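See structure below.
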């Protein structure tokens, strides 16, 4: 049992199953886990109130919609104290879909999704490079996403 959050094995099973199929009905999930659909409903409400479950996302094949470029941008800040300010500015760029504060050579790593190389160039040159506090960047263009999966969640021992 995760004592800090008061989660048990069933909570973790529900999380794992919902990460695999967020559209499964409470009744079907209950059958799979040998509990009632009502129990599943109550547990999911609890997980939402604890902000463990933050909604359901639709998985979309971006390439089929014409988004052909995925890149990762290593961002080196002038000073680490500028992280919050720079992150706030990067959040304004819609092509940046994920941002992480990191250790190593870069202060931040951003994932960016664009329709083509011209859009990537625009974002890099006309938007990203104009943000005060960014000393330099390095761009890594993804050639292929080999896999994308969720982490396996389990109660802590």
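Residue numbers (this note's numbering): 179 to 335. Just so you know, even glycine gets a beta-carbon here, dropped at the ideal spot from N, CA and C. As the structure is a computational prediction, the values presented were derived from the model and not from experiment.
(message) Rounded to the nearest angstrom, what separates residue 301 and residue 207 at their Cα positions?
(response) Going by C-alpha positions, residue 301 is about 43 Å away from residue 207.
(message) Per the DSSP calculation, residue 289 is bridged to which residue(s)?
(response) Looking at the DSSP output, residue 289 shares a beta bridge with 250, 276.
(message) By alpha-carbon positions, which one of 285, 233, 271 ends up nearest to residue 252?
(response) Closest by alpha carbon: 285.
(message) Tell me the DSSP secondary structure of residue 235 in three-state form.
(response) Coil, per DSSP.
(request) Given a cut-off of 8 Å, decide if residue 305 and residue 255 are closer than it, judged by their beta-carbon atoms. (result) No.
(message) Once the 5 residues before and after residue 292 are set aside, which same chain residues still bring their CB inside 6 Å of it?
(response) Taken in chain order, the residues that qualify are 247, 273, 298.
(request) Flag this pair as yes or no: are the beta carbons of residue 190 and residue 332 separated by less than 8 Å? (result) Contact flag set, yes.
(message) Measuring CB atoms only, is the segment 183-198 touching the segment 324-331, in the sense that at least three cross pairs come out at less than 8 Å?
(response) Touching, yes, given that three or more Cβ pairs across the two stretches are closer than 8 Å.
(message) So, at 6 Å on beta carbons, what are the nonlocal neighbours of residue 237 in its own chain, with the 5 sequence-adjacent residues on each side left out?
(response) Here the set comprises nothing.
(message) If you follow the alpha helix (DSSP H) that residue 300 is in, where does it begin and where does it stop?
(response) It spans 295-300 - the alpha helix (DSSP H) in which residue 300 sits, taken as one unbroken run.
(message) According to DSSP, is residue 221 part of a helix, a strand, or is it coil?
(response) Residue state, collapsed to three classes: helix.
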